[in-house]
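Just so we're on the same page, the working numbering is the position in the sequence shown counted from 1, plus 90.
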Amino acid sequence: MAGGQGMNVSSTDIAIIGSGPAGLSAALAAARAGARVTVVDEYIKPGGQYFRQPQARFSQVDERVLGKSFTAGRELIAELAAMPNVDIRLGTLVWGAFDEGILEIEHENQCERVASQRLIVATGAYERPIPFPGWTLPGVITAGAAQTMLKAQFVLPGRRVMLSGSGPFQLPVSTQLLKAGAEVVEVLEAQPASTFFRPFPQPWRHLDKLREAQGYFATLLARRVPIRFGQAVVEARGDGRLEEVVVARLDAQGRPTADGRRTVAVDALLVNHGFIPSLQVPRILGCDTRWDVEGLCWVACCDADQRSSLPTVFVAGEITGVAGHRVAMAEGQIAGLHAASDLGLLTAEALAARLQGPVRSRDRHQSFADHVKRTFAPRAGLYETVTADTVVCRCEEVTAGAISAIAVEWNGSLRAIKQCTRAGMGQCQGRICEATVARLAAQASGTPLHLVGRDTARNQIKPVSLEALSRPVVP
Ligand SMILES: Cc1cc2nc3c(=O)[nH]c(=O)nc-3n(C[C@H](O)[C@H](O)[C@H](O)COP(=O)(O)OP(=O)(O)OC[C@H]3O[C@@H](n4cnc5c(N)ncnc54)[C@H](O)[C@@H]3O)c2cc1C
91 MAGGQGMNVS
101 STDIAIIGSG
111 PAGLSAALAA
121 ARAGARVTVV
131 DEYIKPGGQY
141 FRQPQARFSQ
151 VDERVLGKSF
161 TAGRELIAEL
171 AAMPNVDIRL
181 GTLVWGAFDE
191 GILEIEHENQ
201 CERVASQRLI
211 VATGAYERPI
221 PFPGWTLPGV
231 ITAGAAQTML
241 KAQFVLPGRR
251 VMLSGSGPFQ
261 LPVSTQLLKA
271 GAEVVEVLEA
281 QPASTFFRPF
291 PQPWRHLDKL
301 REAQGYFATL
311 LARRVPIRFG
321 QAVVEARGDG
331 RLEEVVVARL
341 DAQGRPTADG
351 RRTVAVDALL
361 VNHGFIPSLQ
371 VPRILGCDTR
381 WDVEGLCWVA
391 CCDADQRSSL
401 PTVFVAGEIT
411 GVAGHRVAMA
421 EGQIAGLHAA
431 SDLGLLTAEA
441 LAARLQGPVR
451 SRDRHQSFAD
461 HVKRTFAPRA
471 GLYETVTADT
481 VVCRCEEVTA
491 GAISAIAVEW
501 NGSLRAIKQC
511 TRAGMGQCQG
521 RICEATVARL
531 AAQASGTPLH
541 LVGRDTARNQ
551 IKPVSLEALS
561 RPVVP
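Set out below in structure tokens:
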């Protein structure tokens with residue numbers, strides 16, 4: 091269904107989906123060049139994940155807890171909001187795209203179309219959890235969700251908190267929680283210390299990151315929070331909510347070992363094994379994607395100008411490969427400048443001059459991101475925490491056993507798994523479970539992970555009411 095007759099259509103030079111570091115940077119670069127820019131974000135505040143801003147009802151904010159990202163984001167947003175040629179539409183979901191250059195959006199149960207000459211997709215990433223028995227208990231959430239609760243609503247996930255996962259993201263989250271008053275009991279890093287501290291090429295180019303990491307370690311050390319390497323939570327237990335977790339050592343392949351298991355009393359467990367690009371929008375638009383062998387995820391394809399396989403669509407930020415906010419900002423600027431140049435708003439000389447800084451920044455920070463990606467990609471053994479009766483698809487309550495049984499019968503077909511079990515058909519449309527379902531399908535059928543393929547991308551990427559779709563349009 092492509093929307094009813096008389097649907098409200100607005101037009102702009104450049105439409106940008108996502109107001110995170112990539113989308114905001116793209117908007118600023120394009121707007122400074124003179125383009126009319128419309129930024130659409132489903133969240134009620136601009137900033138995305140890194141620049142996340144608290145909700146409006148909080149008049150007092152503790153900037154010490156929110157950190158540098160909050161203040162930097164606030165300044166960027168203020169500059170953009172003051173520009174007369176920029177329209178920022180918040181609480182507005184891009185739910186579909188049927189014709190090139192035209193987005194279907196929904197705001198407060200009202201649908202609308204946005205037509206643009208150039209489109210920049212900067213929809214970010216979501217977290218990669220690895221399931222284990224008990225992970226659906228209240229009190230078990232992702233590390234990013236805990237950070238969002240803290241940054242947006244000043245709520246702690248619990249009093250006694252443990253983090254279990256892999257990657258540098260655990261460091262800022264644990265220190266932010268400490269500063270906000272939580273007791274962080276332990277941080278479990280699935281990789282061994284020798285991998286975590288593996289030297290990376292040209293460290294002098296990344297002194298800012300080394301200093302940042304040093305600050306996190308200093309805080310954790312001062313507060314006597316142990317970081318335990320090569321360990322992970324393999325079970326969460328409790329009567330109706332989380333009360334304790336079972337921790338295991340991991341072997342060289344990341345498999346939990348039986349020896350020396352211990353239980354720890356906690357009331358919040360935060361899990362995160364990195365991020366996965368949020369590709370629904372580029373996929374429904376028809377942009378090419380590719381399998382990132384080292385990152386173990388699909389990413390949007392683009393050239394050095396951030397142009398996707400579609401000539402009028404640019405892609406920027408985490409969707410081109412998870413690389414953090416600095417790369418996202420550089421890619422956003424590059425996309426915004428090229429989009430403005432396409433519209434004749436920049437001379438070749440002006441474009442070349444303005445591209446210099448962002449291209450340099452992208453290259454510098456990408457090399458560090460590549461190191462992080464290679465170091466922390468989840469090892470196959472970690473998925474041994476997923477037992478046959480572990481619920482994998484939380485929306486439809488489908489167990490790993492049910493998924494693996496269909497995978498064996500249908501040679502790893504994700505389509506068959508979805509149709510026979512409903513895994514991925516619920517509210518989240520597979521965002522939480524798709525990586526685990528693909529892994530189980532690959533394991534059960536003996537198919538390499540990247541050949542398992544993916545489900546078909548469909549419009550209505552998140553639920554939109556029939557009322558909104560059929561409502562007469564405000565002229
Ligand atoms: C939960 C979480 C927490 C993170 N915390 C940190 C951190 O503390 N430090 C750090 O360095 N990195 C963090 N990251 C990594 C983060 O992805 C990058 O640092 C940075 O925010 C990426 O910028 P981006 O613009 O590509 O995406 P994002 O910042 O994720 O922005 C994407 C935006 O697109 C919007 N969007 C997506 N789909 C739609 C749609 N269909 N319609 C409308 N709007 C849409 C989202 O609401 C979001 O605001 C975090 C990631 C996640 C997922």
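Glycine included, every Cβ here is placed at the ideal spot set by N, Cα and C.
Values in this document were obtained by computation on a predicted structure and should not be read as measured data.
_Beta-carbon distances below 5 Å to any heavy atom of ligand 3 define the shell here; list its residues in chain order, please._
Among the ligands present in this structure, namely ligand 1, ligand 3 is not found.
*Whole angstroms is fine: what's the gap from residue 300's alpha carbon to residue 308's?*
Start at 1 with the first residue of the sequence shown, and residue 300 comes out as number 210. Start at 1 with the first residue of the sequence shown, and residue 308 comes out as number 218. Each residue's alpha carbon lies about 12 Å from the other.
*Since residue 294 sits in a beta bridge, which residues does DSSP pair it with?*
Along the sequence shown, one-based indexing puts residue 294 at 204. None; residue 294 has no bridge partner.
*Thinking just about the alpha-carbon of each residue, which of 368, 112, 280 is nearest to the one in residue 422?*
In the sequence shown, counting from the first residue as 1, residue 422 sits at position 332. If we check each option's Cα against that of residue 422, 112 comes out closest.
*So who's on the other strand from residue 382, going by DSSP bridges?*
For the purposes of this step, residue 382 is identified with residue 292 of the sequence shown, where counting begins at 1. Answer is 387, bridged to residue 382.
*In angstroms with no decimal places, state the Cα-to-Cα distance between residue 327 and residue 373.*
If you number the sequence shown from 1, residue 327 lands on position 237. If you number the sequence shown from 1, residue 373 lands on position 283. Roughly 38 Å separates the two Cα atoms.
*Given a threshold of 16 other Cβ atoms within 10 Å of its Cβ, counted over all protein chains shown, does residue 287 qualify as buried or as exposed?*
The sequence position of residue 287 within the sequence shown is 197, counting from 1. Looking at its Cβ environment, which holds fewer than 16 other Cβ atoms inside 10 Å, residue 287 is exposed.
*asked:* Given this structure, state the Cα-to-Cα distance separating residue 565 from residue 371, to the nearest angstrom.
replied: Position 475 of the sequence shown, counted from the start, is the residue given in the question as residue 565. Position 281 of the sequence shown, counted from the start, is the residue given in the question as residue 371. Caution is warranted here: a pLDDT of 48 is assigned to residue 565, below 50, making its placement in the model unreliable, and no coordinate value can be reported.
*Which value, in whole angstroms, describes the spacing of the CA atoms of residue 381 and residue 540?*
Against the sequence shown, residue 381 aligns to sequence position 291. Against the sequence shown, residue 540 aligns to sequence position 450. Distance between the alpha carbons of residue 381 and residue 540: 6 Å.
*Only counting runs of 3 or more residues, tell me where the beta strand (DSSP E) segments fall wholly within the segment 436–497, in order along the chain.*
481–483
*Tell me where the alpha helix (DSSP H) around residue 370 begins and ends.*
Translated into the one-based positions of the sequence shown, residue 370 becomes position 280. Its alpha helix (DSSP H) spans residues 370–375.
*What number of angstroms, rounded off, separates the C-alpha of residue 386 from the C-alpha of residue 467?*
If you number the sequence shown from 1, residue 386 lands on position 296. If you number the sequence shown from 1, residue 467 lands on position 377. Whole-angstrom Cα-Cα distance: 7 Å.
*Below 8 Å on the Cβ atoms is my guess for residue 530 versus residue 478; work out the distance and round it to an integer in Å.*
Position 440 of the sequence shown holds residue 530. Position 388 of the sequence shown holds residue 478. Actually they are not in contact, since the Cβ atoms of residue 530 and residue 478 sit about 10 Å apart, beyond 8 Å.
*Within 10 angstroms of the Cβ of residue 241, are there 16 or more other Cβ atoms? Answer buried if so, exposed if not.*
In the sequence shown, counting from the first residue as 1, residue 241 sits at position 151. It is buried - the Cβ of residue 241 has at least 16 other Cβ atoms within 10 Å.
*asked:* Could you tell me which whole alpha helix (DSSP H) segments of length 4 or greater appear in the segment 231–266?
replied: 233–243
*Looking at C-alpha atoms only, which residue of 313, 321, 156 is the closest neighbour of residue 471?*
Here residue 471 is taken as the residue at index 381 of the sequence shown, counted from 1. The candidate whose alpha carbon is nearest that of residue 471 is 321.
_Determine whether the beta carbon atoms of residue 511 and residue 542 lie at a separation below 8 Å._
In the sequence shown, counting from the first residue as 1, residue 511 sits at position 421. In the sequence shown, counting from the first residue as 1, residue 542 sits at position 452. Not closer than 8 Å, so no.
*Three-way DSSP call (helix, strand, coil) for residue 545 in this model*: As a working note, residue 545 is residue 455 in the sequence shown. Residue 545 falls in the coil class under three-state DSSP.
_I'd like to know whether the C-beta atoms of residue 527 and residue 551 end up nearer to each other than 8 Å._
Here the question's residue 527 lines up with position 437 in the sequence shown. Here the question's residue 551 lines up with position 461 in the sequence shown. Cβ atoms of residue 527 and residue 551: not closer than 8 Å.
*Helix, strand or coil: how does DSSP classify residue 540 here?*
In the sequence shown, residue 540 corresponds to position 450, counting from 1. If DSSP states are grouped into helix, strand and coil, residue 540 belongs with the helices.
*8 Å contact criterion, which residue 167 and residue 137 should meet: CB distance rounded*: As a working note, residue 167 is residue 77 in the sequence shown. As a working note, residue 137 is residue 47 in the sequence shown. The pair is a contact, with the Cβ atoms about 6 Å apart (cut-off 8 Å).
*asked:* Let me check one thing: in DSSP terms, what residues is residue 365 bridge-paired to?
replied: On the sequence shown, position 275 is the one that residue 365 refers to. The partner list for residue 365 (beta bridge, DSSP) reads 217.
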